[in-house]
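Engineer: Structure provided below as structure tokens; questions to follow.
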Amino acid sequence: MPVPSRWESLRRQFSADGYVALPGLTSPAVLAKLGEEARQLEADAVRRDFRMECMADSPRHMTTLGGHRIADASPLITGLYEDRELMRLLSSLLGETVVPVHDPVERHVLNVLHRPGDTHGAHTDDYPLALVLFLEAPPHIADGGLLEYHPGREDLNALDAPGARRAHHRPGDGYLLRSDRTAHRVTPLGRPGLRRAVFNFAYTTPDRQGATTSSASLLYD
Ligand SMILES: O=C(O)CCC(=O)C(=O)O
Ligand SMILES: [Fe+2]
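For the sequence shown, our numbering assigns the number 1 to the initial residue and increments by one for each residue that follows.
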């Protein structure tokens, strides 16, 4: 966790770019616990291979587990998701009060890319904030599994336009994304033997509950 004086510059960066990297967000001890939890949850996760019609037919090749299933199996994850200190920090980064998402499916999900070509294609999210925690990630930029996003652009074409950015993350890292207003995707894994596993915690503001698209039910039900 950054020291408090760092939060103001992170807030400014987040407000400008809709993205802020949070390297080393989880300590090695917490990462080990989360990794163990994720491995157990993955046994119940579901393989998905389809194109998401409501997101310009972008591909989904990944294994996922929805929040409702995670809540049944993992008090650790639900406890972390509801942590008040965490929400206080997110509120200071957003500059608005941040609250949990009511929808049990979308509030915290597990996404695993584990086959060559696996990708989480272009989209925007239903809720304003995505806090993504990395459990596993390909070691090299050339291996794929990068977050790709375009600051300030919601249209999915923007991911192929000048100004799109790519970010590499390591296990234990996190990032915060203004995910409803920032087109984003995860680039395909480049070769066999690679894995990328994340928890995505979605948060919202008090005036915004309820999904705006069918994308979460297609990917996590
Ligand atoms: O895995 C990532 O970095 C992005 C996840 C994401 O965009 C999502 O779950 O909506
Ligand atoms: Fe997303």
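No residue lacks a Cβ here, since even glycine has one placed at the ideal position from N, Cα and C.
These numbers come from a predicted model, not from an experiment.
Excluding the 5 residues flanking Val-49 on each side, which residues of the same chain have their C-beta closer than 6 Å to its C-beta?
Structural biologist: According to the sequence shown, residue 49 is Asp rather than Val. The answer, listed in chain order, is His-61.
Engineer: Compute the Euclidean distance between the alpha carbons of Ala-197 and Leu-131, then round it to the nearest angstrom.
Structural biologist: Cα-Cα distance, rounded: 14 Å.
Engineer: Using a threshold of 6 Å, is the CB atom of Asn-157 nearer than that to any non-hydrogen atom of ligand 1?
Structural biologist: Not under cutoff, so the answer is no.
Engineer: Collect the residues with a C-beta less than 6 Å away from any heavy atom of ligand 2 and give them in sequence order along the chain.
Structural biologist: Working through the chain, the matches are His-123, Asp-125, Ala-130, Ser-179, His-184.
Engineer: Under DSSP, the alpha helix (DSSP H) around Pro-28 begins and ends at which residues?
Structural biologist: Taken as a continuous stretch (DSSP letters only), the alpha helix (DSSP H) holding Pro-28 covers 28-42.
Engineer: Decide if the segment 139-155 is in contact with the segment 175-190; the criterion is three or more beta carbon pairs, one per stretch, under 8 Å apart.
Structural biologist: In short, these stretches touch, since the Cβ pair count reaches three.
Engineer: With distances taken from CA atoms, which of Leu-86, Leu-65, Gly-193 is nearest Trp-7?
Structural biologist: Answer by Cα proximity: Leu-86.
Engineer: For His-102, which of helix, strand or coil comes out of DSSP?
Structural biologist: Of the three classes helix, strand and coil, the one that applies to His-102 here is coil, per DSSP.
Engineer: Give a single yes or no on whether Val-101 has its beta carbon closer than 6 Å to a heavy atom of ligand 1.
Structural biologist: It does not: the Cβ of Val-101 is nowhere closer than 6 Å to a heavy atom of ligand 1.
Engineer: Would you list the residues sitting across from Gly-174 in a DSSP beta bridge?
Structural biologist: Answer is Leu-22, Leu-133, bridged to Gly-174.
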